[in-house]
């Protein structure tokens, strides 16, 4: 089943021509109308005329997340604010979040990408999709919502939380598919088990579209074996628009709609382009975006691009499951956390000594972040209650800087590991 | 003189993990620190070892030099007679005087038994307890 078979199954040659044409006109337009991009291109001495083939795109400089932060809120937008019809804001632990604006057309393409994705896994007008991603500033809820409406599915905008009620509605409304984070789905599974609901016996739920946080094939296997529900991987970031691209029924990589995006992999260290199938860092150019153009954006997710035609018939390139990050960003309960920010926050707290460790665990479905800190001996007290309030003080200071609840464990100086070379202060014990 | 009844306790931070107390105890042994009385307070992740030792000033320096978090804390030793009511009498005085006892622990030596208490105003507590006729331990007694 295709939403738009003409474009989705376009022969490779035609797709490349289309992508080249789109990049060419995107770059020319940005160079003439957007000071930020013109300056970026001038700084590496590249003019639009230097792009003479699709592979010439590698001459263009990368865009980074830091640039979005530096240009917060709207300095990088390419359209006047009057053309913006929606904003989304990505959560992060930096002082400045990433703000993304959308024109009417941007929303239309985002919705269309999801309409194609949902169709590719067989979700259509006969389905009821429970959208259990958060609605609001986060892109997940509203993105899936409009995509599902476009294919004519009945949408249940459940958002997150009230899990027992979600299960009740799932039964009453004969929900056939759900979209949420893998950890929330595991929580739903746990609650269902507790109250005696068997998905296959008691509900019509058969498909789950899971993403927005790292997960693995191992987790997919566990989810499918214990719930009987077929799980599909979805990919996107707020900079692209939101969750956009999914696997098809073949589940052999996530299809990146070729008319909307040009996806590359590069060597994380050298930035040199990699061949199809080689593992590296994803770099994406969005070919249709208006408000917030992305040209060679380094997403920092590690994957590989497969450029052969999929067994489903779609010609768009596919990406392998994300295997990690090329920077040290952690995703904790859906919030992007950089260890360097935790370190910065800790160093603002005089009660904290110089060594720390970040330990991530998963309790059931919830990520738990513990920051172990060596205490500054000056603040040691012989009273337990003083020490506990010292710990609470450090926790609330961290919360202030990181906007994320953190558990602190106090350690004696010398207790935490010292590092000779590159410090590895993160222990990620979550089984993904 | 309240000073002679104010006793120096060493308070030591201990991580609540297997082997940590043993490591601290070994350091004390190697530093030749003799503990007369001690108490271990614990929370989920850390503990505080409180000890009355021989020559607290010298022991403090030795322990500190080993990189262990240690602090000197003033405590008071109440002499416990081998009869019901000794602790009540002392606690009652503190209560009436509005002196809060943070924590306490017992000590039984060859010559005397005592209950060490930690209060916020040790000098005032000593004066009040003495005025009430309660016997207090002197630093030289233990």
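Protein chains in written order, with my numbering: chain E, -4 to 427; chain F, 249 to 390. Ideal Cβ placement from N, Cα and C applies to all residues, glycine included. Please read these numbers as outputs of a predicted model, since none were measured by experiment.
Taking C-alpha atoms, which residue in 177/E, 408/E, 93/E, 365/E lies nearest to residue 232/E?
Here the closest residue by C-alpha is 93/E.
Please report the Cβ distance between residue 187/E and residue 238/E, rounded to the nearest whole angstrom; I am assuming they are in contact, meaning their Cβ atoms lie under 8 Å.
No, residue 187/E and residue 238/E are not in contact; Cβ-Cβ is about 24 Å, not under 8 Å.
With residue 64/E as the anchor, note down where its beta strand (DSSP E) starts and where it stops.
No beta strand (DSSP E) contains residue 64/E, which is instead part of the alpha helix (DSSP H) from 60 to 65.
Can you tell me where the alpha helix (DSSP H) holding residue 237/E begins and where it ends?
First-last for residue 237/E: 237 to 241, but that is the beta strand (DSSP E), not the alpha helix (DSSP H).
DSSP state of residue 343/F, grouped into three classes?
Three-state DSSP puts residue 343/F in a helix.
Any Cβ of chain E within less than 9 Å of the Cβ of residue 350/F?
Answer yes: the Cβ-Cβ gap between residue 350/F and chain E drops below 9 Å somewhere.
Between residue 79/E and residue 46/E, which are expected to be in contact by the criterion C-beta below 8 Å, what is the C-beta distance as a whole number of angstroms?
With 8 Å as the limit, residue 79/E and residue 46/E do not qualify as a contact, their Cβ atoms being about 28 Å apart.
Between residue 263/F and chain E, is the shortest Cβ-Cβ distance under 9 Å, so that the two count as touching?
Output row for residue 263/F: interface = yes.
Between the stretch 346 to 366 of chain F and the stretch 303 to 311 of chain F, do at least 3 Cβ pairs fall closer than 8 Å?
Flag = no, the stretch 346 to 366 of chain F and the stretch 303 to 311 of chain F do not touch.
Using DSSP bridges, identify the partner residues of residue 36/E.
Beta-bridge pairing by DSSP links residue 36/E to no other residue.
Under 8 Å Cβ to Cβ from residue 196/E, same chain only, skipping five residues before and after it: list those, please.
When the five nearest sequence neighbours on each side are left out, no beta carbon in the same chain lies closer than 8 Å to the beta carbon of residue 196/E.
Taking residue 252/E and residue 115/E to be in contact with their CB atoms under 8 Å, please state how far apart those CB atoms are, rounded to whole angstroms.
That belief does not hold up - the Cβ atoms of residue 252/E and residue 115/E are roughly 10 Å apart, past 8 Å.
For residue 315/F, which residues in chain E fall below 7 Å Cβ to Cβ?
Near residue 315/F (Cβ distances below 7 Å), the residues of chain E are 408, 409.
What did DSSP end up calling residue 231/E once you bin it into helix, strand or coil?
Note: residue 231/E maps to strand in three-state DSSP.
Own chain partners of residue 236/E with C-beta closer than 6 Å, once the 5 adjacent residues on each side are dropped:
If we look at residue 236/E and ignore the five residues flanking it on each side, its Cβ neighbours are 105.
Could you pull out every residue in the same chain whose Cβ sits closer than 7 Å to the Cβ of residue 130/E, ignoring the five residues on either side in sequence?
The residues are 136, 137, 152, 154.
Answer yes or no: does any C-beta atom of chain F fall closer than 9 Å to that of residue 383/E?
Answer yes: the Cβ-Cβ gap between residue 383/E and chain F drops below 9 Å somewhere.
If you measure from the beta carbon of residue 364/F to each beta carbon in chain E, is any gap under 9 Å?
It does not; no Cβ of chain E falls within 9 Å.
Going by the CB atoms, is the gap between residue 285/F and residue 296/F shorter than 9 Å?
No. Outside cutoff.
Give the interface partners of residue 372/E over in chain F, defined as CB-CB distance under 7 Å, in chain order.
Contact of residue 372/E with chain F by beta-carbon distance below 7 Å involves 317.
Quick check for students: name the residue ranges of the alpha helix (DSSP H) that lie wholly in the stretch 348 to 389 of chain F, counting only runs of 4 or more.
For the stretch 348 to 389 of chain F, whole alpha helix (DSSP H) runs of length 4 or above, ordered along the chain, are 370 to 379.
Beta-carbon contacts of residue 268/E that lie in its chain and below 7 Å, excluding the five residues immediately before and after
Taken in chain order, the residues that qualify are 53, 259, 261.
For my contact list, residue 363/F and residue 317/F are in at a C-beta cut-off of 8 Å; report their separation, rounded to the angstrom.
Contact between residue 363/F and residue 317/F does not hold, since the beta-carbon distance rounds to 26 Å and is not under 8 Å.
So, does the stretch 301 to 315 of chain E touch the stretch 63 to 75 of chain E, judging by three or more C-beta pairs under 8 Å?
These segments do not touch.
Under 7 Å from the C-beta of residue 252/F: neighbouring residues of chain E
Identification of chain E residues near residue 252/F by a Cβ-Cβ cut-off of 7 Å yields none; the smallest Cβ-Cβ distance measures about 22 Å.
Nearest to residue 356/E by alpha carbon, out of 369/E, 292/E, 317/E, 326/E?
Comparing Cα positions, the closest option is 326/E.
Could you check if residue 200/E is buried or exposed, using at least 16 other CB atoms within 10 Å of its CB as the buried criterion?
Label assigned to residue 200/E: buried.
Residue 377/E in three-state terms, based on DSSP
Residue state, collapsed to three classes: coil.
At the level of alpha carbons, what is the spacing between residue 189/E and residue 229/E?
Looking at the two C-alpha atoms, the distance is approximately 28 Å.
Closer than 7 Å between beta carbons: that is the criterion. Which residues of the stretch 281 to 297 of chain F meet it against chain E?
Against chain E - using a Cβ distance shorter than 7 Å - the residues of the stretch 281 to 297 of chain F are 289, 291, 293, 294, 296.
Across which residues does DSSP place residue 349/E in a beta bridge pair?
For residue 349/E, which the question treats as bridged, DSSP gives no partner whatsoever.
Ignoring anything shorter than 3 residues or poking outside the stretch 126 to 208 of chain E, list the beta strand (DSSP E) runs there in chain order.
Runs of the beta strand (DSSP E) inside the stretch 126 to 208 of chain E: 149 to 151, 172 to 175, 202 to 206.
Can you give me the Cβ contacts of residue 145/E inside the same chain, cut-off strictly under 6 Å, excluding the 5 residues immediately before and after it?
Closer than 6 Å at the Cβ level, and outside the excluded window around residue 145/E, lie 106, 110.
Specify the secondary structure class of residue 312/E as computed by DSSP and reduced to three states.
Residue 312/E falls in the coil class under three-state DSSP.
Could you tell me the alpha carbon to alpha carbon distance between residue 62/E and residue 367/E, rounded to whole angstroms?
Near 32 Å, if we compare the C-alpha coordinates of residue 367/E and residue 62/E.
Check the Cβ of residue 405/E against every Cβ in chain F and list those closer than 7 Å, keeping chain order.
Against residue 405/E, the close residues of chain F are 293, 294, in the order they occur along the chain (beta-carbon pairs closer than 7 Å).
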